[in-house]
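Undergrad:
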């Protein structure tokens, strides 16, 4: 099981940038993909250069969400 902090650490080693909005939203920038962490089971993904909102994905478990963030982030960063 990947903890979110481990996922973020791995993605940072490949160039991910992380930001927090004034409202407290946590956004991970992985290449041309931005991933907003909505809650333990939900994320929003979009291309920040093309739009200000994207598709929302809900997962059945925290582990499933964290694995998806890792895979999506690594793919967007050109690692896989």
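In my numbering, the protein residues as written are 95 to 174.
Here a beta-carbon is modelled for each residue, glycine too, at the ideal position from N, C-alpha and C.
With distances taken between CB atoms, is the gap from residue 121 to residue 167 smaller than 8 Å?
TA: It is not a contact, given that the beta carbons lie outside the stated cut-off.
Undergrad: Could you say if the stretch 136–146 and the stretch 107–118 meet the contact criterion of at least three C-beta pairs nearer than 8 Å?
TA: No: fewer than three Cβ pairs fall under 8 Å.
Undergrad: Can you give me the Cβ contacts of residue 102 inside the same chain, cut-off strictly under 8 Å, excluding the 5 residues immediately before and after it?
TA: Around residue 102: 110, 112, 122.
Undergrad: Within its chain, find whatever has a CB closer than 8 Å to the CB of residue 171; leave out the 5 residues flanking it on each side and keep chain order.
TA: The residues are 105, 108, 109, 110, 124, 125.
Undergrad: Just to confirm my understanding: we take residue 174, look at its own chain, exclude 5 residues before and 5 after, and list those with CB closer than 7 Å. What are they?
TA: The residues are 168.
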